[in-house]
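Contents: one structure, followed by commentary.
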Amino acid sequence: MTNIAKPTEAIPDSNKLVEHFFRHEYGRLVSVLTKRLGMRYIDVAEDCAQIALSQALHHWGRNGIPENPGGWLFRVASRSAIDAIRKQAMEVRAQPELSSLPQSSLFAEGQVQPSDWILEEPGALDDDQLQLLLVCCAPELPVSSCIALALKVMCGFSVSEIAHALLTSESTIQKRITRAKEKLRGDPSMLKIDAAIFDQERIDAALMVLYLLFNEGYLSTHTRMSTRRELCEEAIRLATILSQHPRNDVSSVYALLALMSFHIARLDARTDEAGDVLLLESQDRSKWSWSDIRLGMDWMQRSTSSVQASRYHIEAAISWEHCRAARFEDTDWDRICELYDVLLVRIATPIQWLNRAIAESYRSGPSAALQIIAAIPESEHPVDYPIWHAVLGYLHHRNGDLVVAKQQWTIALGCTHSRAEQELLRRRIASCS
Amino acid sequence: MAKFLFIYRDPAEPASPPSPEQMQAFLAMWGDWFQKYGTAILDGGDGLHPTGKLLKTDGTVSDGPYVESKEIIGGFSVVQCDNYDLAVGIARDCPIAKIGGTIEIREFAGFN
Numbered sequence: 061m062t063n064i065a066k067p068t069e070a071i072p073d074s075n076k077l078v079e080h081f082f083r084h085e086y087g088r089l090v091s092v093l094t095k096r097l098g099m100r101y102i103d104v105a106e107d108c109a110q111i112a113l114s115q116a117l118h119h120w121g122r123n124g125i126p127e128n129p130g131g132w133l134f135r136v137a138s139r140s141a142i143d144a145i146r147k148q149a150m151e152v153r154a155q156p157e158l159s160s161l162p163q164s165s166l167f168a169e170g171q172v173q174p175s176d177w178i179l180e181e182p183g184a185l186d187d188d189q190l191q192l193l194l195v196c197c198a199p200e201l202p203v204s205s206c207i208a209l210a211l212k213v214m215c216g217f218s219v220s221e222i223a224h225a226l227l228t229s230e231s232t233i234q235k236r237i238t239r240a241k242e243k244l245r246g247d248p249s250m251l252k253i254d255a256a257i258f259d260q261e262r263i264d265a266a267l268m269v270l271y272l273l274f275n276e277g278y279l280s281t282h283t284r285m286s287t288r289r290e291l292c293e294e295a296i297r298l299a300t301i302l303s304q305h306p307r308n309d310v311s312s313v314y315a316l317l318a319l320m321s322f323h324i325a326r327l328d329a330r331t332d333e334a335g336d337v338l339l340l341e342s343q344d345r346s347k348w349s350w351s352d353i354r355l356g357m358d359w360m361q362r363s364t365s366s367v368q369a370s371r372y373h374i375e376a377a378i379s380w381e382h383c384r385a386a387r388f389e390d391t392d393w394d395r396i397c398e399l400y401d402v403l404l405v406r407i408a409t410p411i412q413w414l415n416r417a418i419a420e421s422y423r424s425g426p427s428a429a430l431q432i433i434a435a436i437p438e439s440e441h442p443v444d445y446p447i448w449h450a451v452l453g454y455l456h457h458r459n460g461d462l463v464v465a466k467q468q469w470t471i472a473l474g475c476t477h478s479r480a481e482q483e484l485l486r487r488r489i490a491s492c493s
Numbered sequence: 011m012a013k014f015l016f017i018y019r020d021p022a023e024p025a026s027p028p029s030p031e032q033m034q035a036f037l038a039m040w041g042d043w044f045q046k047y048g049t050a051i052l053d054g055g056d057g058l059h060p061t062g063k064l065l066k067t068d069g070t071v072s073d074g075p076y077v078e079s080k081e082i083i084g085g086f087s088v089v090q091c092d093n094y095d096l097a098v099g100i101a102r103d104c105p106i107a108k109i110g111g112t113i114e115i116r117e118f119a120g121f122n
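Chains as they are written, first to last, in my numbering: chain A, 61 to 493; chain B, 11 to 122.
Printed below as a string of structure tokens:
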């Protein structure tokens, strides 16, 4: 018999592991192995991370959690990576025709011995995670692929968990990930991941990916609040890794973190008990998380080191204005309109104009807001976007034009797939007659 | 007191490997199980590699896995309790049973 357990002492206290430990360790292991093997072997890295976790499950389940669980996983994963590479090398030797296939950079270069890195304890791993994050946020990949890839390899979500969280199908997610990996594998600059990846263009791309990942959670109409919160928290976690960037100007990363903190503070208050979306004016502000708001203020403070304000600085400032108003009536709409005007100089998208119009409606009434929207060329109207029509309906309703309000809400009803939104719109439409 | 061998059988082809989050949840279930039945579980046992060898009566040896079986033995534990009913109760709470595996429960004959 193996390891006769003394269960009373050796009880594996799984509560000792922090929440999402396995998921986050998966991301760390994939990062550290991919960094050493090269991007071409990211699948090997993922397999080895999976093997390490699976062995941990069987071993820790019976024998308890080791003192340094991260180090344990790292050793097992490194060993399986070395086995995989050796096996591959032997196959190449046995079948010379395979030798034209790309070999592991580690093996082919012959300069790194497995022993060099098997003993290397994790510690400075965040640097590897930062680099893999920048690889995943490649400017040449579609943002939707970057999000799926980051959730898979950095956050340890399975394909089915990503599909569930992003309200799409598993095959769609699988395709996005496969294509993204193919593209990255074929890119010669990805053979070796090093400091060269730290350029501003990549950081900007990563900021956009994390901003959109956060929005996926924040604006989603996913029925499970826990899923939405998880996406937001992962975006914040990855942005925190990005903020440890050793070079370049990271003040925009701080600003994005401030923005995310001010938003996540209000996440729980955004929906009522039935899961319906509550507008800002109907939210119970006592449900806002003051610790998150305080955190946002800290990030905002740090973000001011830069002379140049990014879009995230401006959006964080707008979000802060909402947070600091004790009651909806206390909101400083003059200031918010002003900030939107600054933002619009940079990103004059119809959605930003719509946000500006909403702010205007609270400052000087719905007709002024409708004038702003009327100035947007009709060809640019995002006609498939349910929120566009929902807001138009809302402004017309406040303006006393129930007929147009009903029309707009009916259009919105036709383009949303969310049941919570559909329910809300149906109630609004009914209130017009 | 009787001793029982729990033989864990996993489906030969699981639908898809569990995600890290599922594995952590599974680990927590093992923890709860040991906590609850700590005194009854004599030996937490071990997991088994999915492949192995088979020595047949004609002396030949073949390599597993064996296509004819729908389930493979994935591990075992040794449990001590008064009777089969209690053993079944312990097995019912075992994580293996909760994630779709089956558990064969066999009492030790006590020859030694």
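Yeah, the Cβ is synthetic: ideal placement off N, Cα and C, and Gly gets one too.
Spell out whether any CB of chain A is found under 8 Å from the CB atom of residue i.
{"i": "residue 33(B)", "result": "yes"}
{"i": "residue 21(B)", "result": "no"}
{"i": "residue 96(B)", "result": "no"}
{"i": "residue 15(B)", "result": "no"}
{"i": "residue 69(B)", "result": "no"}
{"i": "residue 36(B)", "result": "yes"}
{"i": "residue 29(B)", "result": "yes"}
Using a Cβ-Cβ distance cut-off of 8 Å, determine whether residue i contacts chain B.
{"i": "residue 81(A)", "result": "yes"}
{"i": "residue 218(A)", "result": "yes"}
{"i": "residue 86(A)", "result": "yes"}
{"i": "residue 221(A)", "result": "yes"}
{"i": "residue 93(A)", "result": "no"}
{"i": "residue 77(A)", "result": "yes"}
{"i": "residue 184(A)", "result": "For residue 184(A), the predicted model reports a pLDDT of 47, less than 50, meaning its position is unreliable; a value from the coordinates is still stated below. By this cut-off, residue 184(A) is not an interface position."}
{"i": "residue 163(A)", "result": "With a pLDDT of only 45 at residue 163(A), under the threshold of 50, the placement of this residue in the model should not be trusted; the figure read from the coordinates follows. False, the Cβ-Cβ gap to chain B never drops below 8 Å."}
Can you say whether residue i is buried or exposed, counting buried as having 16 or more other CB atoms within 10 angstroms of its CB?
{"i": "residue 241(A)", "result": "buried"}
{"i": "residue 119(B)", "result": "exposed"}
{"i": "residue 87(A)", "result": "buried"}
{"i": "residue 238(A)", "result": "exposed"}
{"i": "residue 214(A)", "result": "buried"}
{"i": "residue 376(A)", "result": "buried"}
{"i": "residue 52(B)", "result": "buried"}
{"i": "residue 98(B)", "result": "exposed"}
{"i": "residue 121(B)", "result": "exposed"}
{"i": "residue 162(A)", "result": "Confidence at residue 162(A) is low in this model, with a pLDDT of 44, below 50, so its placement is unreliable and no value can be given for it."}
{"i": "residue 494(A)", "result": "Chain A is shown only over 61 to 493; residue 494(A) falls outside these bounds and no answer can be derived."}
{"i": "residue 248(A)", "result": "exposed"}
Tell whether a beta-carbon distance below 8 Å holds between residue i and residue j.
{"i": "residue 341(A)", "j": "residue 388(A)", "result": "yes"}
{"i": "residue 428(A)", "j": "residue 420(A)", "result": "yes"}
{"i": "residue 82(A)", "j": "residue 30(B)", "result": "yes"}
{"i": "residue 233(A)", "j": "residue 198(A)", "result": "no"}
{"i": "residue 316(A)", "j": "residue 329(A)", "result": "no"}
{"i": "residue 414(A)", "j": "residue 448(A)", "result": "yes"}
{"i": "residue 114(B)", "j": "residue 19(B)", "result": "yes"}
{"i": "residue 354(A)", "j": "residue 406(A)", "result": "no"}
{"i": "residue 108(B)", "j": "residue 39(B)", "result": "yes"}
{"i": "residue 267(A)", "j": "residue 313(A)", "result": "yes"}
{"i": "residue 84(A)", "j": "residue 216(A)", "result": "yes"}
{"i": "residue 384(A)", "j": "residue 400(A)", "result": "no"}
{"i": "residue 128(B)", "j": "residue 89(B)", "result": "Chain B is shown only over 11 to 122; residue 128(B) falls outside these bounds and no answer can be derived."}
{"i": "residue 273(A)", "j": "residue 295(A)", "result": "yes"}
{"i": "residue 111(B)", "j": "residue 87(B)", "result": "no"}
{"i": "residue 337(A)", "j": "residue 484(A)", "result": "yes"}
{"i": "residue 269(A)", "j": "residue 310(A)", "result": "no"}
{"i": "residue 397(A)", "j": "residue 362(A)", "result": "no"}
{"i": "residue 92(B)", "j": "residue 11(B)", "result": "yes"}
**Request:** Determine which residues of the region 42-62 of chain B have a Cβ less than 9 Å from any Cβ of chain A, and write them out in chain order.
**Result:** 42, 43, 44, 45, 47, 48, 49, 50, 51, 52, 53, 54, 55, 56 and 57
**Request:** Report yes or no: do three or more beta-carbon pairs, one from the region 79-93 of chain B and one from the region 54-67 of chain B, lie closer than 8 Å?
**Result:** yes
**Request:** Can you give me, in chain order, the residues of the region 106-121 of chain A that have a beta carbon less than 9 Å from any beta carbon in chain B?
**Result:** 109, 110, 113, 114, 115, 116, 117, 118, 119, 120 and 121
**Message:** Closer than 8 Å is the cut-off here; do at least three beta carbon pairs connect the region 111-123 of chain A with the region 134-142 of chain A?
**Reply:** yes
**Item:** the region 473-491 of chain A touching the region 428-439 of chain A, judged by at least three CB pairs closer than 8 Å
**Value:** no
**Asked** Between the region 273-286 of chain A and the region 187-201 of chain A, do at least 3 Cβ pairs fall closer than 8 Å?
**Response** no
**Prompt:** Looking at C-beta atoms only, is the number of pairs between the region 121-132 of chain A and the region 95-104 of chain A that lie closer than 8 Å three or more?
**Reply:** no
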